[in-house]
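Following: one structure in structure tokens, then a few remarks.
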Amino acid sequence: MHATLPFLAATDFPALRRGRVDTLQVNLGYKCNQSCLHCHVNAGPKRTEMMDGDTVALVLEVLRVRGIPTLDVTGGAPELSPHFRQLVSAARRLGRRVIDRCNLTILTEPGHEDLAAFLAAEGVEVVASLPCYSVANVDRQRGVGVFERSMAALQALNALGYGKDGTGLVLNLVYNPQGAVLPPPQAALQADYKRELAAHFGIVFNELYALTNMPIQRFGSTLVSQGGFKGYMQLLRASYHAHNLDTVMCRSLLSVDWQGELYDCDFNQMLGLPARVGPGLRPHLRDLLAHDGAGEAIRVADHCYGCTAGQGSSCGGALAAA
């Protein structure tokens, strides 16, 4: 694995400051039942890092004390955490919006047969990774058989009411490009996904998020190995749009790793670039009990051009029309 921070640390990316934090994005651990080529977390079945129960309890305390309205749960496959359901249920009892970033195939794993029903009962918003509506492209990026299992999982979610009008059960899909290119315009791609998935599988969903691949961890290392890192960074820089700066996710989000340490986004988490919250050099969840993090400078590096290139990219998809 090639480290990419040495290629990214020196930057002329504009300075940013955080506003009010309205989303706490919590990574419950890097263990996953898949190993995807584009994964910026380098997650996989052999990873062992998992958040413990005390840290999960602290997440809930921070949500309560700070009044943060949205809990965004990610991984790895966050559902593999033994504390996943406890965290989700407790956050919902606090009245928080809960997002589960789901790889879909976890819903078909042994021991998780009732997971979809649990998510529906708790009113959890599902953000599901589906890098294409083609079996060849999905299996190439995520592994043989993943597409078929993903279709089965989406059909199960639809059967529970996800993605359907009037149910309140939100199902959003996530697209990542196959290589070192920017995603196509999100609105047009969403129309393609809706048409193809409905026609061939009877699947419906709410929105499609088109995300830019970040030049870090597994994807960044592959670019270095193939000699494409410099060219990809040139593409991101050449596609920079300043208007995306107002709505990049780090302005209103804090990322929490499995140990409870704080970062401006999960990309900075993977690069080991801690956020600035309070006086410490390695801020932790417990620091949010005394400091709200608003107004602090955000740690930037060259990978930030990935969030501001073209139509922009965030955990909620494109930031603007391309």
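Going by our numbering, the first residue of the sequence shown is number 10, and it counts up by one from there. Heads up, the beta-carbon is just placed ideally off N, CA and C, and yes, glycines get one too.
N222, enclosing alpha helix (DSSP H) - first and last residue: Here residue 222 is taken as the residue at index 213 of the sequence shown, counted from 1. That residue, N222, is in no alpha helix (DSSP H); it is neither H nor E in DSSP.
Cβ-Cβ separation, P54 to N36 (assumed contact under 8 angstroms), whole Å: Here residue 36 refers to the residue found at position 27 when the sequence shown is read from its first residue. Here residue 54 refers to the residue found at position 45 when the sequence shown is read from its first residue. With 8 angstroms as the limit, N36 and P54 do not qualify as a contact, their Cβ atoms being about 17 angstroms apart.
Segment contact flag, the region 196–211 with the region 228–238, C-beta cutoff 8 angstroms, min 3 pairs: no
Exposure label - V74; buried when at least 16 CB within 10 Å: The sequence position of residue 74 within the sequence shown is 65, counting from 1. Answer is exposed; the Cβ neighbour count stays below 16.
Residues bridged to A318 (per DSSP): Translated into the one-based positions of the sequence shown, residue 318 becomes position 309. In DSSP, A318 forms a bridge with Y249.
Three-state class that DSSP yields for T256 in the structure shown: Residue numbering aside, residue 256 sits at position 247 when the sequence shown is read from its first letter. T256: helix per DSSP, three-state reduction.
Touching by the beta-carbon criterion (3+ pairs, under 8 angstroms), the region 250–266 and the region 275–284: yes
C-beta contact flag for L220 and N253 at 8 angstroms: Working through the sequence shown from its first residue, we reach residue 220 at position 211. Working through the sequence shown from its first residue, we reach residue 253 at position 244. Cβ atoms of L220 and N253: not closer than 8 angstroms.
Own chain residues within Cβ distance below 8 angstroms of T20, not counting five before or after: Here residue 20 corresponds to residue number 11 of the sequence shown, with the count starting at 1. Only V309, A310, D311, C313 meet the Cβ criterion.
Three or more C-beta pairs below 8 angstroms linking the region 240–254 and the region 315–323: yes
Ranges of the beta strand (DSSP E) found wholly within the region 118–197, counting only runs of at least 3: 134–138, 180–184
Nonlocal neighbours in the same chain, by C-beta distance under 6 angstroms from S138, ignoring five residues either side: By 1-based counting over the sequence shown, the position of residue 138 is 129. For S138, where only same-chain residues beyond five positions count, the Cβ hits under 6 angstroms are N112, V183.
Rounded separation between V155 and Q187 - CA only: Here residue 155 refers to the residue found at position 146 when the sequence shown is read from its first residue. Here residue 187 refers to the residue found at position 178 when the sequence shown is read from its first residue. Taking the straight line from one Cα to the other gives about 15 angstroms.
Residues bridged to L80 [DSSP beta-bridge criterion]: The sequence position of residue 80 within the sequence shown is 71, counting from 1. Bridge partners of L80: L33, V107.
Cβ-Cβ separation, K173 to V135 (assumed contact under 8 angstroms), whole Å: Indexing the sequence shown from 1 puts residue 135 at position 126. Indexing the sequence shown from 1 puts residue 173 at position 164. Incorrect: roughly 13 angstroms between the Cβ atoms, too far for contact.
When R101, R158, G132 are compared against E122, the one with the closest alpha-carbon: Taking the sequence shown and counting its residues from 1, the one referred to as residue 122 is at position 113. It is R158 whose Cα lies nearest to the Cα of E122.
Burial state of R110, where buried means 16 or more other Cβ atoms lie within 10 Å: As a working mapping, residue 110 is identified with position 101 in the sequence shown. Classification of R110: buried, given that the 10 Å Cβ count is 16 or more.
A331 (DSSP reduced to helix, strand or coil): By 1-based counting over the sequence shown, the position of residue 331 is 322. Confidence at A331 is low in this model, with a pLDDT of 42, below 50, so its placement is unreliable and no value can be given for it.
Pair within 8 angstroms by beta-carbon distance, G236 and T64: Reading the sequence shown from its first residue, position 227 is the one you call residue 236. Reading the sequence shown from its first residue, position 55 is the one you call residue 64. Taking a C-beta distance under 8 angstroms as the contact criterion, G236 and T64 do not qualify as a contact pair.
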